[in-house]
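Below is one structure, written out as structure tokens; comments come after it.
Protein chains in written order, with my numbering: chain U, 1202 to 1279; chain C, 4 to 159.
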């Protein structure tokens, strides 16, 4: 199980803050493709960063069971 | 006493200063970020901050590490509030103590600029006629390099 976290506008569009994926091993880019299809939203990840277990990661990063992937829309703290 | 914290209640400025003040320091600089009512003619009624809390606290600590590397002898504390905030409420407090004053100013400025780049916190503006997640204060909505610019000098 891979945990996926969504935030801010992305969370509102998806209607959920958290998803569980049953796959054992995936690349970040695979997860993005799957979610774009799921939500019929090909622009979903434009301008968005990814993090694996709270560290920024890129599209080629592989994740496996037990990992937490977070998609980080442009930040606006401060 | 956590020096890098996401909090859900009011931030007391003195508490943040107390985390960095010490005998070796001759200067403490603080930055206080507050909720502004008017942005480009639009009137904010209130706003909401949301964070990926564990990662946000790690990223705040990372900023502290960057500051220690760039300004040796400094100590930094940052608290950022999330939840619903009213006009003039304090959203963020940064305190940096250094042996001499110049570095304290520079490091404090560096900290707030880095928060706006690498810390997963989001602000939703609520106006009297609508609402919107703020995504590009720095106009880096698309992260031109595909990732936050981790080592670039943003302190000019």
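The beta carbon of each residue, even a glycine, is placed where N, CA and C say it ideally should be.
| CA-to-CA distance, residue 11(C) to residue 132(C), given in whole angstroms | Taking the second chain and counting its residues from 1, one reaches residue 132(C) at position 129. Taking the second chain and counting its residues from 1, one reaches residue 11(C) at position 8. If you take the alpha carbons of residue 132(C) and residue 11(C), they lie about 26 Å apart.
| query | So, using beta-carbon positions, are residue 123(C) and residue 1276(U) closer together than 8 Å? | reply | Working through the second chain from its first residue, we reach residue 123(C) at position 120. Working through the first chain from its first residue, we reach residue 1276(U) at position 75. Annotated as proximal: residue 123(C) and residue 1276(U), with beta-carbon spacing under 8 Å.
| field | Residue from 40(C), 88(C) and 68(C) whose Cα sits closest to the Cα of residue 163(C) | value | No answer is possible for residue 163(C): it lies beyond the span of chain C, which begins at 4 and ends at 159.
| Alpha-carbon to alpha-carbon, residue 1278(U) and residue 115(C) | As a working mapping, residue 115(C) is identified with position 112 in the second chain. As a working mapping, residue 1278(U) is identified with position 77 in the first chain. Their backbone Cα atoms lie some 9 Å apart in a straight line.
| request: Quick one: give me the first and last residue of the beta strand (DSSP E) that residue 1221(U) is part of. | output: Counted from its first residue, the first chain places residue 1221(U) at position 20. Residues 1219-1222.
| request: Just mark residue 1203(U) as buried or exposed, buried being the case when its beta carbon has 16 or more other beta carbons within 10 Å. | output: Indexing the first chain from 1 puts residue 1203(U) at position 2. Buried, by the Cβ-count rule.
| Are there three or more Cβ pairs, one per stretch, closer than 8 Å when the region 43-62 of chain C is compared with the region 101-114 of chain C? | no
| message | So that I know if they touch, is there some Cβ in chain C lying closer than 8 Å to that of residue 1267(U)? | response | Stepping through the first chain from its first residue, residue 1267(U) is reached at position 66. With respect to chain C, the C-beta atom of residue 1267(U) has no partner C-beta closer than 8 Å.
| Short CB-CB distance (under 8 Å) between residue 119(C) and chain U | Within the second chain, the letter at position 116 stands for residue 119(C). Yes, residue 119(C) counts as interfacial toward chain U.
| field | Limits of the unbroken alpha helix (DSSP H) element including residue 127(C) | value | For the purposes of this step, residue 127(C) is taken as the residue at position 124 of the second chain. Element bounds for residue 127(C): not the alpha helix (DSSP H) but the beta strand (DSSP E), 124-130.
| said: I'd like to know whether the C-beta of residue 53(C) is nearer than 8 Å to at least one C-beta of chain U. | reply: The residue labelled residue 53(C) in the question sits at position 50 within the second chain. It does: the Cβ of residue 53(C) has a partner Cβ on chain U nearer than 8 Å.
| What residue range is occupied by the uninterrupted beta strand (DSSP E) comprising residue 1270(U)? | Locating residue 1270(U) in the first chain gives position 69, counting from the first residue. Unbroken beta strand (DSSP E) run through residue 1270(U): 1269-1273.
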